[in-house]
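Colleague: Next up is a structure, given as structure tokens.
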Amino acid sequence: MSTAPEENPRVLFVGGLGRSGSTLLELLLAQSPDVCAVGEVVHLWERALGADERCGCGEQFTACPFWRQVGEHAFGGWSTVDRDEVLALKDRVDRTRHIPRLARNSLDAAQLADVRRYADLYTRIYRAALAISGARVVVDSSKHASLAFALRWADGLDLRVLHLVRDSRAVAYSWGKQVRRPEVVDGEDFMPTFSPMEVSKLWTAQNAAFHLLATRAQVLRLRYEDFTADPADALRRLRLFAGLPDDPEALRLLAGSGPARPSTPGEPAPSPPVPFRAHSVAGNPLRFSGGPLTVRRDEAWRTRLPRRSRAVVSLATLPFRVRYGYLGRRRSSDSVETS
Numbered sequence: 154m155s156t157a158p159e160e161n162p163r164v165l166f167v168g169g170l171g172r173s174g175s176t177l178l179e180l181l182l183a184q185s186p187d188v189c190a191v192g193e194v195v196h197l198w199e200r201a202l203g204a205d206e207r208c209g210c211g212e213q214f215t216a217c218p219f220w221r222q223v224g225e226h227a228f229g230g231w232s233t234v235d236r237d238e239v240l241a242l243k244d245r246v247d248r249t250r251h252i253p254r255l256a257r258n259s260l261d262a263a264q265l266a267d268v269r270r271y272a273d274l275y276t277r278i279y280r281a282a283l284a285i286s287g288a289r290v291v292v293d294s295s296k297h298a299s300l301a302f303a304l305r306w307a308d309g310l311d312l313r314v315l316h317l318v319r320d321s322r323a324v325a326y327s328w329g330k331q332v333r334r335p336e337v338v339d340g341e342d343f344m345p346t347f348s349p350m351e352v353s354k355l356w357t358a359q360n361a362a363f364h365l366l367a368t369r370a371q372v373l374r375l376r377y378e379d380f381t382a383d384p385a386d387a388l389r390r391l392r393l394f395a396g397l398p399d400d401p402e403a404l405r406l407l408a409g410s411g412p413a414r415p416s417t418p419g420e421p422a423p424s425p426p427v428p429f430r431a432h433s434v435a436g437n438p439l440r441f442s443g444g445p446l447t448v449r450r451d452e453a454w455r456t457r458l459p460r461r462s463r464a465v466v467s468l469a470t471l472p473f474r475v476r477y478g479y480l481g482r483r484r485s486s487d488s489v490e491t492s
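Just add 153 to the spot in the sequence shown (first one is 1) and you have this note's numbering.
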């Protein structure tokens, strides 16, 4: 099924290793009507189409009006999508081991056909989400570097990548906790857990991949710690990077975040934080909280990560921790890297 000739959909792809604040950032961006957040689309094929898990709005995927419309617009209905075929294609294209090949300047005919066919599935979903929501930018927080590299080969896609980084020790602490997945409909399921060494390998590999991608695509790097220190500034920079105008209304959900500001006599009281919802197909359980949100840096790892685990992660991730300013004097991370 061919898509109608329309303006190239613009996607802000959030990349990095999970537990780095991507869901919180995505929800904040989605409070503006010109942004449509769709969660981690990379998991749509297995968790939404396969298991019919709950959307961030609370409805199961097949009952969510937004996703039903997306399926109709993109494919003529989700029933026309051969999920097994998509998963086989995903295995041939969207794996970390394929990144060196996807990073090349050219691919052979068979590889290029696979990559573009796979990327076209996402392009259709992005275009449909924008058409239905009326937004100008869609946020996909899939995070996987291999998917970002595949999307680089898409025809007719305006791709902008946010490389979100968090201190490896904080990420290791978070991945060691057992977290229930509320989107599961029948029974109980939990997000996977990883050992400190496994997290160190994943953290290093993903960040290295996004450094490589920055030589081939437009990439903005942002540290979680800088985002939580000044969320309003981070959101303004992200909107600018995504080609959106500065919009004070887009920051209304941040009421109550950061230090309290003394009221001025005669000045209206600030509006309370508003509830949030996004039609996200996968992501952190935070998306089901319903709001309001308060942005605060989570540094529980400093006292709760065991000393041995902290030492393992610190040593294994040392080169990139130095590069990102997690040793000694802090560095600015809000820089755009382009090819």
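Think of the CB as a built atom: it goes at the ideal place given N, C-alpha and C, for glycine as much as any other residue.
For T346, which residues in the same chain have their Cβ closer than 8 Å to its Cβ, ignoring the five residues on either side in sequence?
Modeller: Only W328, G329, K330, Q331 meet the Cβ criterion.
Colleague: Assuming F166 and A362 are in contact, meaning their beta carbons sit under 8 Å apart, how far apart are those beta carbons, in whole angstroms?
Modeller: Not quite, the Cβ-Cβ distance comes to about 13 Å (not below 8 Å), so this is no contact.
Colleague: Given a threshold of 16 other Cβ atoms within 10 Å of its Cβ, counted over all protein chains shown, does S259 qualify as buried or as exposed?
Modeller: Exposed is the call here.
Colleague: May I have the straight-line CA-CA distance separating L496 from L265, to the nearest angstrom?
Modeller: The structure shown does not extend to residue 496, since the chain is modelled only from 154 to 492, so the question has no answer here.
Colleague: Does the Cβ of D118 have 16 or more other Cβ atoms within 10 Å, making it buried, or fewer, making it exposed?
Modeller: Nothing about residue 118 can be read from this structure; the chain reaches only from 154 to 492.
Colleague: Do you know offhand how far R390's Cα is from F380's?
Modeller: 10 Å
Colleague: What number of angstroms, rounded off, separates the C-alpha of G396 from the C-alpha of R455?
Modeller: Approximately 37 Å between the Cα atoms of the pair.
Colleague: Taking the CB atoms as reference points, tell me whether V290 and R374 lie closer together than 8 Å.
Modeller: no
Colleague: In whole angstroms, what separates the C-alpha of V292 from that of A190?
Modeller: 5 Å
Colleague: Take the Cβ of P218 as the centre, count every other Cβ of all protein chains shown within 10 Å, and call the residue buried at 16 or more, exposed below.
Modeller: exposed
Colleague: If you draw a straight line from the alpha carbon of S353 to that of W198, how long is it in whole angstroms?
Modeller: 28 Å
Colleague: Just mark T233 as buried or exposed, buried being the case when its beta carbon has 16 or more other beta carbons within 10 Å.
Modeller: With fewer than 16 other Cβ atoms within 10 Å, it is exposed.
Colleague: Quick check on L296: does DSSP put it in helix, strand or coil?
Modeller: Correcting the residue type first, residue 296 is Lys in the shown sequence and not Leu. K296: strand per DSSP, three-state reduction.
Colleague: Where do the ends of the alpha helix (DSSP H) carrying F228 lie?
Modeller: F228 -> alpha helix (DSSP H) spans 218 to 228.
Colleague: Please name the residue or residues paired with P189 in a DSSP beta bridge.
Modeller: The identity of residue 189 in the sequence shown is Cys, whereas the question assumes Pro. Its beta-bridge partners are V291.
Colleague: Any Cβ of chain C within less than 8 Å of the Cβ of P459?
Modeller: Included in the structure is just one protein chain, with no chain C present.
Colleague: Nearest-angstrom Cα distance between T417 and E402?
Modeller: In this prediction, T417 has a pLDDT of 39, which is less than 50 and means its spatial position is unreliable; what the coordinates show is noted afterwards. A straight line joining the alpha-carbon of T417 with that of E402 spans about 21 Å.
Colleague: Could you check if L214 is buried or exposed, using at least 16 other CB atoms within 10 Å of its CB as the buried criterion?
Modeller: The displayed chain sequence assigns Phe, not Leu, to residue 214. The residue in question, F214, is buried, as its Cβ has 16 or more Cβ neighbours within 10 Å.
Colleague: Just list the residues that DSSP pairs F166 with in beta bridges.
Modeller: D293, V314
Colleague: Would A387 be called buried (16 or more neighbouring beta carbons within 10 Å of its own) or exposed?
Modeller: buried
Colleague: Which residue or residues does DSSP assign as beta-bridge partners of Q213?
Modeller: R207
Colleague: Straight-line CA distance for R254 to E351?
Modeller: 24 Å
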